[in-house]
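Asks: Residue numbers (this note's numbering), protein chains in the order written: chain D, 589 to 997; chain Y, 2 to 173.
1) Going by the DSSP bridge assignment, what does residue 700 of chain D pair with across the sheet?
2) So residue 689 of chain D packs on residue 775 of chain D, CB below 8 Å; how close in whole Å?
3) Can you tell me where the alpha helix (DSSP H) with residue 155 of chain Y in it begins and where it stops?
4) Under 8 Å, with one C-beta from each stretch per pair, do the stretch 922 to 935 of chain D and the stretch 880 to 888 of chain D reach the 3-pair mark?
5) Could you compute how far the alpha carbon of residue 709 of chain D sits from the alpha carbon of residue 693 of chain D?
6) Using a Cβ-Cβ cut-off of less than 9 Å, list which residues of the stretch 64 to 78 of chain Y approach chain D; keep chain order.
7) Quick check on DSSP: helix, strand or coil for residue 603 of chain D?
8) Of all Cβ atoms in chain A, is any one closer than 8 Å to the Cβ of residue 965 of chain D?
9) Quick check: what's the CA-CA separation for residue 783 of chain D versus residue 831 of chain D?
10) What's the C-alpha gap between residue 669 of chain D and residue 780 of chain D?
11) Taking 8 Å as the cut-off, does the stretch 751 to 766 of chain D touch the stretch 832 to 841 of chain D (at least 3 CB pairs, one atom from each stretch)?
12) Contact between the stretch 43 to 57 of chain Y and the stretch 94 to 109 of chain Y is defined here as three or more beta-carbon pairs at a separation below 8 Å; is this criterion met?
13) Suppose contacts are defined by Cβ-Cβ distances below 8 Å. Is residue 858 of chain D in contact with residue 972 of chain D by that definition?
14) Can you determine whether any heavy atom of the ligand PLP sits closer than 7 Å to the C-beta of residue 719 of chain D, and answer yes or no?
15) With a cut-off of 8 Å, does the C-beta of residue 712 of chain D fall near any C-beta of chain Y?
16) Show which residues of chain Y have a CB atom less than 7 Å away from the CB atom of residue 734 of chain D.
17) Show which residues of chain D have a CB atom less than 9 Å away from the CB atom of residue 58 of chain Y.
18) Residues in the same chain with beta-carbon distance under 8 Å from residue 938 of chain D, minus the five sequence neighbours each way, listed in chain order, please.
19) Along the stretch 736 to 770 of chain D, what residues have a CB closer than 9 Å to any CB found in chain Y?
20) Just the chain D side, please: which residues come within less than 8 Å of residue 160 of chain Y by C-beta, in chain order?
21) Taking Cβ-Cβ distances shorter than 7 Å, what residues in chain D pair up with residue 62 of chain Y?
22) So, helix, strand or coil for residue 717 of chain D, using DSSP?
23) Would residue 153 of chain Y pass as an interface residue toward chain D - the criterion being a Cβ-Cβ separation below 8 Å?
24) Against residue 669 of chain D, what residues of chain Y qualify as contacts under a CB-to-CB distance less than 8 Å, listed in chain order?
25) Does any residue of chain D have a CB that is nearer than 8 Å to the CB of residue 165 of chain Y?
26) For residue 2 of chain Y, which residues from the same chain have a beta carbon less than 8 Å from its beta carbon, with the 5 sequence-adjacent residues on both sides left out?
27) Can you tell me the Cα-Cα spacing of residue 9 of chain Y and residue 715 of chain D, whole angstroms?
28) Got a sec? Which residues, its chain only, sit under 6 Å from residue 49 of chain Y by beta carbon, not counting five neighbours each side?
29) Would you kindly check if the distance between the Cβ of residue 773 of chain D and the Cβ of residue 115 of chain Y is under 8 Å?
30) In the DSSP assignment, the alpha helix (DSSP H) including residue 642 of chain D goes from what residue to what residue?
31) Would residue 849 of chain D pass as a contact of residue 616 of chain D if the rule is Cβ separation under 8 Å?
32) Which residues, in order along the stretch 134 to 154 of chain Y, keep a beta-carbon less than 9 Å from a beta-carbon of chain D?
33) Residue 572 of chain D touches chain Y at which residues, Cβ-Cβ below 8 Å?
34) Is there a C-beta anywhere in chain Y that falls below 8 Å from the one on residue 723 of chain D?
35) Enumerate in chain order the residues of its own chain whose CB-to-CB distance from residue 641 of chain D is below 6 Å, with the five nearest sequence positions on each side excluded.
Given below as structure tokens:
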């Protein structure tokens with residue numbers, strides 16, 4: 589018993605890591621489903637709809653497929669680096685997510701305060717540590733391209749490292765404005781700095797004074813995650829599949845999971861730094877807004893039940909109403925348990941914002957064509973970087989003026 | 002080691018130090034430039050870990066972002082761009098070998114002497130918060146040492162301009 593209580597912190601952290609891993613991998617799997625569905629509907633197709641009701645079991649089928657595919661290694665590959673690259677990509681992407689705080693208040697369980705999020709909430713260098721991890725993330729892609737000993741991957745790896753060098757600068761400079769306004773690198777303090785005026789609601793968020801910074805950050809972050817329209821390292825029409833051409837089976841899946849995890853991390857960062865993180869968009873006095881999670885979950889659950897009972901397969905007629913009942917029951921539980929409802933407000937808003945950004949990612953993929961290489965370089969160096977520097981200078985002057993003339997902060 | 006308890010920070014220190022030394026040796030011994038670059042990255046990260054152990058969080062993060070990230074990515078990029086292959090090994094020249102060995106012995110002696118003289122402070126000493134925090138560092142850079150700092154940045158700017166001029170093609 590003493591051993592258990594002495595190592596309680598350690599055990600809690602390990603449990604949290606396992607839990608977050610499980611959640612992230614599941615969310616990743618369903619993110620692929622979400623992406624395929626949304627892009628399909630944008631292109632007037634149905635998307636996955638064969639495996640399970642509405643294609644909901646497609647991610648599972650994909651996972652099984654990844655596991656059982658043959659896993660060849662190219663003849664001239666540099667074995668060590670070839671095996672290291674996907675591991676590096678996945679490990680770094682997952683580590684980044686560990687630094688995100690998902691809620692302000694701890695749950696009290698067995699006499700321990702358990703915070704949502706793996707890193708303790710007082711990490712002083714939160715955002716810097718995240719940048720350090722994204723800075724290392726490029727090696728996964730670059731080394732994968734190099735070690736495959738093949739032309740297309742090498743070109744993909746080259747493009748990726750050039751792209752990372754160019755956009756890393758703009759990415760880092762664009763958040764300086766936010767850091768100046770918060771006066772801290774700590775992600776929790778950055779959110780708290782946006783809650784100075786609880787009555788302003790969403791007008792207190794950083795995105796209004798830092799709209800330029802947000803633009804630069806989001807564009808640079810999309811480029812860092814190698815997503816459309818910055819997916820030059822894996823451009824299908826030019827480089828077969830770019831840096832992961834020679835990867836198959838689960839090593840390919842690792843790159844895939846890493847990319848989707850980075851998407852989630854970037855969405856978290858956008859919400860936290862510019863959109864108030866877990867803050868509600870409504871003024872604090874609007875207490876009825878606290879029933880919004882239920883007001884969304886219950887009708888959604890009922891709609892799923894309604895849709896499910898008319899579904900064409902028997903499996904769907906069982907599963908979909910079941911899911912709908914679960915959603916509706918969850919919504920009802922939030923109404924009936926006021927304590928729980930108060931607690932889930934913060935995570936609910938953060939998750940909603942993350943979902944919106946993930947949708948924007950997919951939306952961009954369905955809308956924008958890929959940049960040409962010279963356009964990419966010109967855009968990064970000649971537009972994003974100067975804009976983000978201007979943002980830093982303007983923000984600094986405004987803060988200095990506030991301090992000098994109004995004595996604020 | 003008398004009176005030197007094996008605490009957790011000390012154990013972490015030895016792991017990181019060993020990692021840094023192994024990385025540095027591997028950097029020299031590896032035959033392929035990419036493997037050497039990877040070893041250098043390991044050294045950089047181990048150093049960042051040591052800074053973190055000393056309580057210098059900001060310096061540790063910047064070490065990884067600037068050296069581990071930006072600069073080493075540039076190295077890897079150039080190696081990949083030039084498609085550099087395995088190094089050709091020549092026999093070590095005797096002219097370089099003898100003075101080199103002497104220098105190594107001298108350096109090792111110097112380091113050993115320094116460590117021997119300061120047995121008290123060999124335990125990882127945490128920097129005081131004032132020195133290590135972002136506020137402390139910016140106070141030092143922008144107040145106490147603002148002129149040397151600006152001079153250094155000017156020097157780097159000159160170097161960048163020089164490189165740009167050199168890299169530009171002759172206009173015919």
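Beta carbons are placed, not taken as given, at the ideal position from N, Cα and C, and that holds for glycine.
Model, not experiment: these values are computed from the prediction.
Replies: Straight from the coordinates:
1) To locate residue 700 of chain D, count along the first chain from 1; it is residue 112. Checking the DSSP bridge columns, you'll see residue 700 of chain D partnered with D:697.
2) Indexing the first chain from 1 puts residue 689 of chain D at position 101. Indexing the first chain from 1 puts residue 775 of chain D at position 187. The Cβ separation is near 6 Å, so the contact holds.
3) On the second chain, residue 155 of chain Y is found 154 positions in, with the first residue counted as 1. Looking at the DSSP string, the run of the alpha helix (DSSP H) that includes residue 155 of chain Y is 147 to 168.
4) yes
5) Indexing the first chain from 1 puts residue 709 of chain D at position 121. Indexing the first chain from 1 puts residue 693 of chain D at position 105. Using only the alpha carbons, I get a separation of about 10 Å.
6) Look at the stretch 64 to 78 of chain Y: the residues with a C-beta under 9 Å from a C-beta of chain D are 64, 65, 66, 67, 69, 70, 71, 73, 74, 75, 77, 78.
7) Position 15 of the first chain holds residue 603 of chain D. Looking at residue 603 of chain D - three-state DSSP - the assignment turns out to be helix.
8) Checking the listed chains, one finds no chain A in this structure; the protein chains it contains are D and Y.
9) Numbered from 1 along the first chain, position 195 holds the residue referred to as residue 783 of chain D. Numbered from 1 along the first chain, position 243 holds the residue referred to as residue 831 of chain D. Going by the C-alpha atoms only, they are around 43 Å apart.
10) Indexing the first chain from 1 puts residue 669 of chain D at position 81. Indexing the first chain from 1 puts residue 780 of chain D at position 192. Counting only the Cα atoms, residue 780 of chain D lies some 43 Å from residue 669 of chain D.
11) no
12) no
13) As a first step, residue 858 of chain D is located in the first chain; it is residue number 270 there, counting from the start. As a first step, residue 972 of chain D is located in the first chain; it is residue number 384 there, counting from the start. No, the Cβ-Cβ distance between residue 858 of chain D and residue 972 of chain D is not below 8 Å.
14) The ligand PLP is absent from the structure shown, which contains no ligands of any kind.
15) Counted from its first residue, the first chain places residue 712 of chain D at position 124. It does; some Cβ of chain Y falls within 8 Å.
16) What you label residue 734 of chain D is simply residue 146 of the first chain in a count that begins at 1. Correct list: 35, 81.
17) Mapped onto the second chain, residue 58 of chain Y falls at position 57. 711, 712, 713, 716, 717, 773, listed in chain order.
18) Here residue 938 of chain D refers to the residue found at position 350 when the first chain is read from its first residue. Excluding its 5 nearest sequence neighbours in each direction, residue 938 of chain D has C-beta neighbours in its own chain below 8 Å: 690, 691, 856, 859, 860, 865, 866, listed in chain order.
19) 742, 745, 746, 749, 750, 752, 753, 756, 757, 760
20) Indexing the second chain from 1 puts residue 160 of chain Y at position 159. Per Cβ cutoff of 8 Å: no residues; residue 160 of chain Y is ~18 Å from chain D at best.
21) Residue 62 of chain Y sits at position 61 when you count from the first residue of the second chain. Neighbours of residue 62 of chain Y on chain D, chain order: 713, 716, 717, 720.
22) As a position in the first chain, residue 717 of chain D is number 129, starting the count at 1. Of the three classes helix, strand and coil, the one that applies to residue 717 of chain D here is helix, per DSSP.
23) Within the second chain, numbered from 1, the residue matching residue 153 of chain Y stands at position 152. No, residue 153 of chain Y lies away from the interface with chain D (no Cβ there is under 8 Å from its Cβ).
24) Your numbering for residue 669 of chain D matches position 81 in the first chain. By Cβ distance, chain Y contributes 35, 36, 39.
25) The count along the second chain starts at 1 and reaches residue 165 of chain Y at position 164. So, not an interface residue.
26) The count along the second chain starts at 1 and reaches residue 2 of chain Y at position 1. Only weak support exists for where residue 2 of chain Y lies, its pLDDT of 41 falling under 50; the value from the coordinates is given anyway. Taken in chain order, the list of residues that qualify is empty.
27) The residue labelled residue 9 of chain Y in the question sits at position 8 within the second chain. The residue labelled residue 715 of chain D in the question sits at position 127 within the first chain. In a straight line, the C-alpha of residue 9 of chain Y is about 26 Å away from that of residue 715 of chain D.
28) As a position in the second chain, residue 49 of chain Y is number 48, starting the count at 1. Taken in chain order, the residues that qualify are 61, 64, 65.
29) Position 114 of the second chain, counting from 1, holds the residue named residue 115 of chain Y. Position 185 of the first chain, counting from 1, holds the residue named residue 773 of chain D. Contact: no.
30) To locate residue 642 of chain D, count along the first chain from 1; it is residue 54. Per DSSP, residue 642 of chain D belongs to no alpha helix (DSSP H) and is neither H nor E.
31) Along the first chain, read from residue 1 onward, the residue named residue 849 of chain D stands at position 261. Along the first chain, read from residue 1 onward, the residue named residue 616 of chain D stands at position 28. Contact flag set, yes.
32) 134, 135
33) Any question about residue 572 of chain D goes unanswered here, given that chain D covers just 589 to 997.
34) Counted from its first residue, the first chain places residue 723 of chain D at position 135. For residue 723 of chain D, the answer is yes, since a Cβ of chain Y falls inside 8 Å of its Cβ.
35) Position 53 of the first chain, counted from the start, is the residue given in the question as residue 641 of chain D. Excluding positions up to five away in sequence, the list reads 899, 904, 907, 908.
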